[in-house]
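Here my numbering is used: position 336 in the sequence shown is 613, and no number is missing along the way.
Glycine residues also receive a C-beta, built at the ideal position from the N, C-alpha and C atoms.
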Amino acid sequence: MQFSLPKSWRTSLARAGVLLGAFGAMAMPVFAEDATTIAEQAKKRLNGEVVAAPASPIYQVSAMQEQVPPPVPGANVGQPDQIFVDPGYYAAPAPAEEEGPWTLQSVMGSGLADKGIVFGGWADIGYSSNPDLSFTSAAEDDNVNLSQFYMFLKKEADGSKGIDWGFRFDALYGTDGDDAQSFGNPNRTYDNSAAFDHGIYEWALPQLYGEIAVGDVSVKLGHFYTIIGYEVVTSPDNFFYSRQIMFWNSEPFTHTGALATWKASDKLTVWGGWTAGWDTGFAQFEGGSNFLGGMSYAATDKLSLVYTTALGDFGLRGTGAINSFILSYMITDKLQYVGQYDVLGTNNDVDFQTDGVVRDSNGLVNYLFYTINDQWKAGSRFEWYKPDGVSYYEMTYGVNYKPTQNFVLRPEVRYQWAPGISYEEFIFGVDAIFKF
């Protein structure tokens with residue numbers, strides 16, 4: 278009997294191989310540089326530790342940054358499981374006499390912190406002038422909305438102690454709630470039930486998992502954010518207020534299952550696990566069952582590479598494979614480039630132009646970030662996204678203004694168009710995030 282992968286899988290994997298080779302060729306000239314600093318920082322972040330740097334992000338630090346001072350307790354309240362959750366925003370270091378950002382936990386006492394339990398969150402209020410084929414829908418545009426009111430409670434599992442345990446629980450309310458719900462569940466169960474929806478505002482429970490760690494290996498069991506992609510659901514962990522078109526349409530947001538992390542060396546981290554399809558919450562849509570995995574390689578103090586994949590039965594999204602590649606390179610001390618390429622292939626009997634759901638897609642997204650000074654950073658994003666044969670383009674320009682460690686303002690202008698279907702849209706957006 279002859280075994281053959283489905284055509285959608287073969288196409289996706291072949292394209293992925295071409296991209297991996299291209300990224301490798303780009304990386305070779307700088308592989309010989311010193312990788313100690315970047316590797317140590319990447320290792321800390323993958324273990325869920327707080328990493329505050331002279332160029333620290335709102336909540337987390339990219340794996341290519343320099344100099345790692347001692348972590349600030351309670352500061353890492355974003356999404357610790359993503360590699361590139363900070364797309365280039367670096368804040369000013371606190372003066373030596375300052376204690377760090379204000380936190381809700383610091384007001385309520387240190388009893389839980391003494392046990393390694395951390396809680397906190399943020400509020401994100403924003404405005405978008407038009408729908409953007411991503412997080413902002415036609416019902417939400419041209420209004421000042423509470424995009425996210427976010428709370429989390431966590432305990433990190435530290436394998437360096439031998440056997441250790443941890444957990445995490447996240448709750449989200451706002452216009453982004455439906456984007457983080459388990460919409461891949463059958464029969465509207467878990468946080469996708471009608472009781473969680475209140476007009477354009479929704480509740481979501483995007484993370485609820487336990488974790489056990491031994492040495493350099495940890496395993497999460499439960500409901501958690503995906504490792505695929507560069508942009509994420511959690512607002513403070515993105516440079517821009519708006520999201521990629523590709524992120525919203527061709528990548529999973531959450532999974533339910535088991536995911537292992539192995540810190541193979543100071544340079545290399547490997548993930549592997551099983552999930553019950555895409556965007557499911559403690560349920561399985563028909564035969565949803567897929568592999569989720571990948572690797573992160575800290576090549577130098579300037580260059581980082583990440584590859585992630587999911588293949589199998591995605592449940593509501595059909596059977597297929599997605600491959601995602603991310604390259605990040607510090608061109609200078611102030612200028613950073615990030616490139617992402619995704620390829621998705623499924624057997625889902627849909628078409629994006631008629632059904633609003635993607636069957637197959639390719640996408641390439643390029644970012645440039647420039648640090649102006651301690652409080653200001655500028656960024657640009659150019660996206661080419663081709664779902665089911667029609668090319669969409671998007672260009673976004675914005676700045677981040679961070680006068681304090683607890684507050685950031687993010688104005689942006691965005692233009693997107695699709696020549697093949699005579700579509701174009703100009704969008705102005707701005708939001709303000711307060712961390713607590």
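Residue burial classification, residue i (beta-carbon count within 10 angstroms, cutoff 16)
i: P372; result: Per-residue confidence for P372 stands at a pLDDT of 42, beneath the threshold of 50, marking its modelled position as unreliable; no derived number is given.
i: V384; result: exposed
i: W480; result: buried
i: E689; result: buried
i: V421; result: exposed
i: E563; result: exposed
i: A541; result: exposed
i: G397; result: buried
i: Q652; result: exposed
i: G554; result: buried
i: F703; result: exposed
i: T650; result: Inspection of the sequence shows that residue 650 is occupied by Asn rather than by Thr. Under this definition N650 is an exposed residue.
i: Y700; result: exposed
i: P334; result: With a pLDDT of 31 at P334, under the threshold of 50, the modelled position of that residue is not reliable, and the figure given next carries that caveat. It is buried - the Cβ of P334 has at least 16 other Cβ atoms within 10 Å.
i: A293; result: Residue placement at A293 cannot be trusted, given a pLDDT of 48 that sits under 50; what the coordinates show is reported in the next sentence. Classification for A293: buried.
i: A490; result: buried
i: S512; result: buried
i: G506; result: buried
i: N464; result: exposed
i: A415; result: exposed
i: D610; result: exposed
i: L569; result: buried
i: A471; result: exposed
i: P680; result: exposed
Given residue i as reference, the closest of the options once Cα atoms are compared
i: Q682; options: A709, Y670, D665, W694; result: A709
i: D435; options: K392, N650, Q425; result: K392
i: G622; options: R636, F446, T531; result: R636
i: Y502; options: F530, G706, N422, S406; result: F530
i: D578; options: L545, G499, V395, Y606; result: Y606
i: P483; options: D474, N469, D493; result: N469
i: N567; options: Y574, L593, A575, E671; result: L593
i: G589; options: N625, I603, G506, K438; result: N625
i: W661; options: I489, N643, F444; result: N643
i: W548; options: S527, G565, M572; result: M572
i: G616; options: T511, S581, G666, K679; result: S581
i: F473; options: Q630, D455, G461; result: D455
i: V627; options: K712, D619, S638; result: S638
i: D665; options: K654, D409, T673, T631; result: T631
i: D441; options: D409, S668, E488; result: E488
i: F705; options: G461, E508, V510, D419; result: D419
i: D619; options: A448, E528, D453, G403; result: E528
i: L604; options: Y584, L612, P408; result: Y584
i: H475; options: G451, S495, F602; result: G451
i: F713; options: G388, A400, K654; result: A400
i: S495; options: F444, R658, I608, Q521; result: F444
i: T466; options: Q561, W551, G570, L545; result: Q561
i: K497; options: T538, N462, F516, G656; result: T538
i: T413; options: I522, F629, T533; result: I522
i: D543; options: L536, A576, F559, F517; result: A576
i: G403; options: Y614, I394, F629, E417; result: E417
Limits of the beta strand (DSSP E) - the one that residue i falls within
i: V494; result: 494-502
i: L410; result: Premise fails: L410 is in no beta strand (DSSP E) and is neither H nor E.
i: V707; result: 700-712
i: N683; result: No beta strand (DSSP E) contains N683, which DSSP labels as neither H nor E.
i: S566; result: 566-575
i: G549; result: 545-552
Residue interval of the alpha helix (DSSP H) (run including residue i)
i: N422; result: Note, N422: premise wrong, no alpha helix (DSSP H); beta strand (DSSP E) at 421-432.
i: V384; result: 381-384
Those residues which DSSP pairs with residue i across a bridge
i: V395; result: K431
i: A400; result: F426, F711
i: W661; result: L641, Y670
i: D447; result: F429, Q484
i: G656; result: F646, G675
i: Q693; result: E671, E702
i: S581; result: A575, S605
i: A535; result: L498, W551
i: K540; result: T546
i: A587; result: L569, I599
i: D441; result: A490
heavy atom of the ligand HEM below 6 Å from residue i C-beta
i: M385; result: No copy of the ligand HEM appears in this structure; indeed no ligand is present at all.
Restricting to runs no shorter than 3 residues, where is the beta strand (DSSP E) found entirely within the segment 456-530? Correct list: 478-491, 494-502.
Where in the segment 590-638 do unbroken runs of the alpha helix (DSSP H), each at least 4 residues long, occur, reported from the N-terminal end onward? Uninterrupted alpha helix (DSSP H) stretches at least 4 residues long and entirely within the segment 590-638 occur at 629-632, given in chain order.
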